[in-house]
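One structure is given here, and the rest of the page talks about it.
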Amino acid sequence: MALADIDGDGDLDLYVTHYRAATAKDAPVPVRLRQIDGRWQVPQEHQERFVAEVNASGDVGILELGEPDALYINDGKVRFTLASWTEGRFVDEEGKPLNAPPRDWGLAAMFRDINQDGFPDLYVCNDFYTPDRIWINRSNGTFRAFGALAIRKTPWASMAVDFSDINRDGLDEIFVAEMLSRELERRQTHRSLSELDPMPSWGWGWRPGDLSSRSQVMRNTLLLNRGDNTFAEIGQFSGVHASDWTWGVTFLDVDLDGYEDLLIANGHSLDLADSDSVAVLNQIKDPNDPRRRTRIHEVFKPLHVAKNAFRNRGDLMFQEMGEQWNFNEASAANGMALADLDNDGDLDVVLNNFDAPASILQNQAAAPRIAI
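Structure below.
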């Protein structure tokens, strides 16, 4: 969830991302496609949950959608009202009201003034083939979709987002995390990700030469602000394109050199993308066989990976410093928070570990700084 005063009335409004309480993998739903006037369609009774999609190879498949996110407007009297998606609160790139709420697989969201007009805009991270949503505040608490040409590339499975002026030019950059491993061996065993997802890595609904949508890539992205409300994707150039299965990201000037560095919380309870384990599980052919669920915890192993710390060199390049900064604990960390826990003027780190106690990391930076 994310908080911001989107309408300038002095109180914080709330945006909550939504995934789906239960998916077709939990309880399979019998859906049969129909071809009507040459187009494949999902039956009417399933159209809010499933869509038909033809991929680049011409294969027809069924995609399951997520559930709508929620925006709650604070009236200043300890009461929140759920905003409508279709009554002008959100409009498309052309300024037209949406016909229906986006049904995405939401994972994270953050408010930030992306276009520098003084009003909080919104970046929403979505999983799989549902694209990230970038909403620009129209200065009155209503939002317009950011143009597809302004940002040309986002992650396939966006897990977390943070903003920072990494080159100190007065403009915020955007870092969005994904799942690409830093180790070649794990990258090879995670090749099953492209087999599990029904669309190629360029994203749902996008085709080469299509300028109306953004391509999606299976790695982190770092969006460099050009200063004209467009962004260049420089994740690979900057060396921050891979950080394993990432759930939390934050910019923090660890070494107090004036440039904000990047900290990563990653790992997972089970390495569900491991192709060898997927092959073992798929020996049980029937998706409804209850043995599949029990076998998951037997076949898949926990994904405990080292946390990542990237030092900002000040030239758009980052250097991995996890070992040198003692930020390399191997765990399955699903979140991260910052606070000055010892009141010494710098921010310490708390990692929320799955099935293990939280990790508390004391910041021992010794460079000069000013505390106010």
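Per the working numbering, residue 46 is the first one in the sequence shown, and the count goes up by one each step. Virtual Cβ for every residue (Gly too), placed ideally from N, Cα, C. The structure displayed is predicted, hence computed values, not measured ones.
Residues that DSSP places opposite residue i in a beta bridge
i: residue 85; result: 80
i: residue 405; result: 395
i: residue 269; result: 277
i: residue 381; result: 396
i: residue 313; result: 348
i: residue 291; result: 311
i: residue 155; result: 168
i: residue 180; result: 167, 190
i: residue 206; result: 221
i: residue 118; result: 126
i: residue 260; result: 198
i: residue 296; result: 307
i: residue 60; result: 47, 116
i: residue 97; result: 107
i: residue 363; result: 357
Own chain residues within Cβ distance below 8 Å of residue i, not counting five before or after
i: residue 187; result: 133, 134, 135, 136
i: residue 403; result: 395, 396, 397
i: residue 265; result: 200, 220, 221, 222, 223, 225, 280, 285, 286, 287, 288, 291
i: residue 96; result: 87, 107, 108, 110
i: residue 346; result: 315, 316, 319, 322
i: residue 301; result: 391, 410, 412, 413, 414
Straight-line Cα distance separating residue j from residue i
i: residue 392; j: residue 287; result: 25 Å
i: residue 282; j: residue 360; result: 11 Å
i: residue 312; j: residue 365; result: 17 Å
i: residue 329; j: residue 322; result: 12 Å
i: residue 199; j: residue 410; result: 33 Å
i: residue 285; j: residue 89; result: 44 Å
i: residue 372; j: residue 307; result: 11 Å
i: residue 46; j: residue 223; result: 18 Å
i: residue 189; j: residue 220; result: 21 Å
i: residue 214; j: residue 184; result: 24 Å
i: residue 192; j: residue 227; result: 32 Å
i: residue 126; j: residue 118; result: 5 Å
i: residue 91; j: residue 338; result: 25 Å
i: residue 77; j: residue 212; result: 52 Å
i: residue 408; j: residue 390; result: 10 Å
i: residue 382; j: residue 49; result: 18 Å
i: residue 9; j: residue 259; result: Because the chain is modelled from 46 through 417, residue 9 falls outside the range shown and cannot be assessed.
i: residue 428; j: residue 202; result: This structure cannot settle anything about residue 428, because the visible part of the chain is limited to 46 through 417.
i: residue 172; j: residue 124; result: 31 Å
i: residue 84; j: residue 297; result: 50 Å
i: residue 20; j: residue 309; result: No information on residue 20 is available, as it lies outside the stretch 46 to 417 that the chain covers here.
i: residue 262; j: residue 170; result: 13 Å
i: residue 10; j: residue 93; result: With the chain running from 46 to 417 in the structure shown, residue 10 is simply not present.
Any non-hydrogen atom of the ligand PLP closer than 6 Å to residue i Cβ
i: residue 142; result: The ligand PLP is absent from the structure shown, which contains no ligand whatsoever.
Cut-off 6 Å between Cβ atoms - residues of its own chain near residue i, not counting five sequence neighbours on either side
i: residue 319; result: 234
i: residue 99; result: 105
is_contact[residue i, chain C] using C-beta, thresh 7 Å
i: residue 273; result: Checking the listed chains, one finds no chain C in this structure; it contains a single protein chain.
Same chain, Cβ closer than 7 Å to residue i, neighbours up to 5 away in sequence not counted
i: residue 51; result: 58, 165, 182, 186
i: residue 111; result: 63, 64, 65, 148, 149, 150, 151, 175
i: residue 340; result: 326, 329
i: residue 54; result: 121
i: residue 113; result: 63, 130, 146, 147, 148
i: residue 370; result: 299, 354
i: residue 274; result: 160, 195
i: residue 241; result: In this prediction, residue 241 scores a pLDDT of 44, lower than 50, which makes its location untrustworthy; no coordinate-derived value is stated.
i: residue 246; result: With a pLDDT of only 47 at residue 246, under 50, the local geometry of the prediction cannot be trusted, and no value is derived from it.
i: residue 79; result: 86, 88
i: residue 255; result: none
Whether residue i touches residue j by CB criterion (7 Å)
i: residue 218; j: residue 269; result: yes
i: residue 386; j: residue 394; result: no
i: residue 272; j: residue 380; result: no
i: residue 304; j: residue 388; result: no
i: residue 60; j: residue 116; result: yes
The region 197-209 / the region 155-165 touching (three or more Cβ pairs under 8 Å): The region 197-209 is in contact with the region 155-165.
Examine the Cβ distances between the region 344-358 and the region 374-386 and report whether three or more of them are shorter than 8 Å. Short answer: they touch.
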